[in-house]
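Numbering (our numbering), first residue to last: 66 to 1027.
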């Protein structure tokens, strides 16, 4: 069977060219064409035709123009094995695994960019700080850790001055938490703190100290300032006099049709300069007691409202349609105070899509800043659903609407940047995406803004196969200083048949700049043979996080019938960086190897990461493949699944655990507990986006309020709101004492406080948690956490007891904690043995090798750390250790080079700080300052780095003076 599949593979020419991010499949209809099959009708072509004939005989027909197949029908073809049946969808090919161009900003000298951003932020005036933080957002967007981006986004909102920026950034923060997916939450609900309160966002002014405080909504108070509206029982009638209350005050009448509106000349004159000129200037109205006002399009009711406002300065009691007329009158006669009052009051009425769609036109027509802001706020907080409203799309997409928004102060780069982000996530190829990116480019004023707008337009055009336009946009981005956009220029030329020109562009890039892994990866696309392999190997050496080289090598091995080697190759990157495309490739390899259980595991993991993932170039949904594979794998009951979960969790097999949880959720999709377990596993795999989605689903399916509060607390903690997370835990405990609520509170407190008193409080919380019902998986974690706190307060014997109890319930990671206790008791051999047990039990054990290195001699430590780096090159401790050893041996250049090797693909604060210290030790103060600035851009309040930075600046100044 396997050899037959390999013969088929040999019959397909699968080398060179590239096209897409997933593992794309060959179109069987094109198998006999120029590039698909062997010349003259090879084995692969004949096999595919033979397979199609058999499938047709069994009534297997294309389901649609997308080549979907009926899996129930495929499964009925008894004469064809599963691997052969799936072959009709195509084989993994090296020419169809092309890496996507990153749509985010990417830099040749990332450290220099960070250092420059920090310097400019420290020296910029208050009014520019929000914009500087938005630039940091653009810099951090392409990094794997979303916390840096969200932190900068919060700071941009905190330092925003104008209402427009506050509205956009508040909505963006809300979107980052995907609150639109919460059941029972309205878009205009207040989350409780000022930075995201819809009412607070409509108050102009710079108040960074208040941005993270609880908003007045949470205290049940009305907002002060421009949006404060009196709720007292003041009755202001348009027909009843207020103020002086004497008819003698009225000395003029405005005649509108058959109505006469009596007014006070002086008070009407005080409304604006045009009215003052009318009342006291050289016009005939100044000498008349009756002024005919019918030709101005103002109703008598609106004029009575104007008269009342002239005395009370309030519009609170008028009907909305009267206030709209009053707004028009205020605009026509330049009554700024009255316009502001109308604007603010109308803005307070906008609380849903219906009102916003209705009032936005009035706001734009009358240039009512707050009213338009309030309408925009509803549209933005209703994202992504509002993006399907034709009225909203017309407002955001048309150039005319952009000009109208600009006229009222509501067209900005940050607005279109947010909208473009949403559009690209929904459909990168759509006309809406293109239009919004064009609007973003129209609003771009600074170089970095033009870089990202033009580069993203290039990426979208490339996806749309509009290669000429793509090249033009990439070239425009490069001209603005974005060197990475040359990758897009090369790719666009290659797609138009200019392979050599593409190669020359990338070759020049490698020669002209400090080379990076992505440069060699891209150049490899346009070369072949040994040169291609050398480039791919260099790309992996310089940046082991790039997945394309592993995928290419794996498929090449598959073509050579080395399926075991192919699986081993793709396992290398899956071991430290889990992604759907790599899991898909491994699943295909396992299917061809007839390891259906392993393939099913990987496909379940893929669907956990992306529930809508389409296998084989979009020809088949992952759920369909799961359905087919399940018929070839023994099925387990829910109880057996729990046993499997325990086994895989204890063997630190996170992908296997994910697959089991996915299987259990298929049988019980509303089980919030399982969704929560799923989120924990995803966080361990650094799949933050998928983890947050699972947490949101856990929250939505919570069976009780106290459970829902716990999940909301974890969501807040994972998005940077620790105090709010503690508050949610306390609220949950007040309703019902539960393991998860106590655990959440203890976990967050243990990370935010370090004093011994707080440690004892955390111990108490964890003990309370352990007294509550829970399963062994969670209790093992709680016992390990409790033991860790015991160590912090020098209670080592209690820590040992906790770790042993955790091991008794199969919490394998407790070996690591137990080793730490043995080490503290000067029992290094016992510590080493304990870590060896963990290495033997754990499926993914890079961290175990790293920790074991602390408990052995120098040579053994070096060996363990080499293994840790080979298994997971993203772990930074091995680089720091090796560089420290080199420094001790007075090999300063080698030590710095060791750190630089890691910094090139992982911007880590500790690595930057340590390299700065090494530069300082060799009196290279300019490099010290640069690395300190880059580190401080990541963590501006780190005391040791600030101290090193200040000393380096002083020494650099002394050097310049001598």
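Just so you know, even glycine gets a beta-carbon here, dropped at the ideal spot from N, CA and C.
In the three-state reduction of the DSSP assignment, residue 440 falls in the helix class.
Contact between the region 683–698 and the region 876–886 is absent, with fewer than three C-beta pairs closer than 8 Å.
Here the alpha carbon of residue 236 sits roughly 5 Å from the alpha carbon of residue 446. According to the DSSP assignment, residue 192 belongs to no beta strand (DSSP E), since it is labelled neither H nor E.
One Cα belongs to residue 772, the other to residue 792, and the distance between them is close to 14 Å. Per DSSP, residue 519 lies in no beta strand (DSSP E) segment; the continuous alpha helix (DSSP H) that holds it begins and ends at 512–528. Counting C-beta pairs closer than 8 Å gives three or more between the region 340–357 and the region 316–331, which meets the contact rule. Distance from the CA of residue 633 to the CA of residue 611, rounded to the nearest whole angstrom, comes to 16 Å.
Inter-segment contact for the region 666–674 and the region 722–730 is present: three or more beta-carbon pairs are separated by less than 8 Å. As the crow flies, the alpha-carbon of residue 195 is around 47 Å from that of residue 328. Excluding the 5 residues flanking it on each side, residue 242 has same chain C-beta neighbours closer than 7 Å at 780 and 784, in chain order.
DSSP, reduced to helix, strand and coil, places residue 642 outside both helices and strands of the structure shown, so it counts as coil.
Residue pairing from DSSP leaves residue 229 without any beta-bridge partner.
The criterion of a C-beta distance shorter than 9 Å is not satisfied by residue 787 and residue 819. Restricting attention to 695, 694, 693 and 728, the CA atom closest to the CA of residue 708 is found in 728.
Membership of residue 422 in the alpha helix (DSSP H) is indicated by the continuous run 418–430. The alpha carbon of residue 473 has as its nearest neighbour, out of 437, 179 and 157, the alpha carbon of 437. Beta-bridge pairing by DSSP links residue 357 to 320.
9 Å or more divides the Cβ of residue 649 from the Cβ of residue 698.
Taking a C-beta distance under 9 Å as the contact criterion, residue 535 and residue 526 qualify as a contact pair. With 16 or more other CB atoms across the displayed protein chains lying within 10 angstroms of its CB, residue 938 is buried.
Three or more beta-carbon pairs separated by less than 8 Å link the region 248–267 to the region 223–239, which places the two stretches in contact. DSSP places residue 384 outside both helix and strand once states are collapsed to three, so it counts as coil.
Here residue 700 is not near residue 733, since their CB atoms are 9 Å or more apart.
Taking a cut-off of 8 Å on C-beta distances, the region 991–999 touches the region 1008–1015, as three or more cross pairs fall below it.
Taken through DSSP and simplified to helix, strand or coil, residue 939 comes out as coil. For residue 209, there is no enclosing alpha helix (DSSP H), as DSSP marks it with neither H nor E. Secondary-structure assignment with DSSP links residue 328 through a beta bridge to 317. Going by C-alpha positions, residue 366 is about 36 Å away from residue 251. In this structure residue 223 is buried. Its beta-carbon is surrounded by 16 or more other beta-carbon atoms within 10 angstroms. According to the DSSP assignment, residue 725 belongs to the alpha helix (DSSP H) that extends over 719–732.
Across the set 467, 498 and 427, the C-alpha of 498 shows the shortest separation from the C-alpha of residue 453.
Counting only the Cα atoms, residue 444 lies some 11 Å from residue 484. Boundaries cannot be given for residue 258, as no alpha helix (DSSP H) includes it and DSSP labels it neither H nor E. Checking the DSSP bridge columns, you'll see residue 622 has no partner listed. Residue 844 is classed as buried because its beta carbon has at least 16 other beta carbons within 10 Å across all chains shown.
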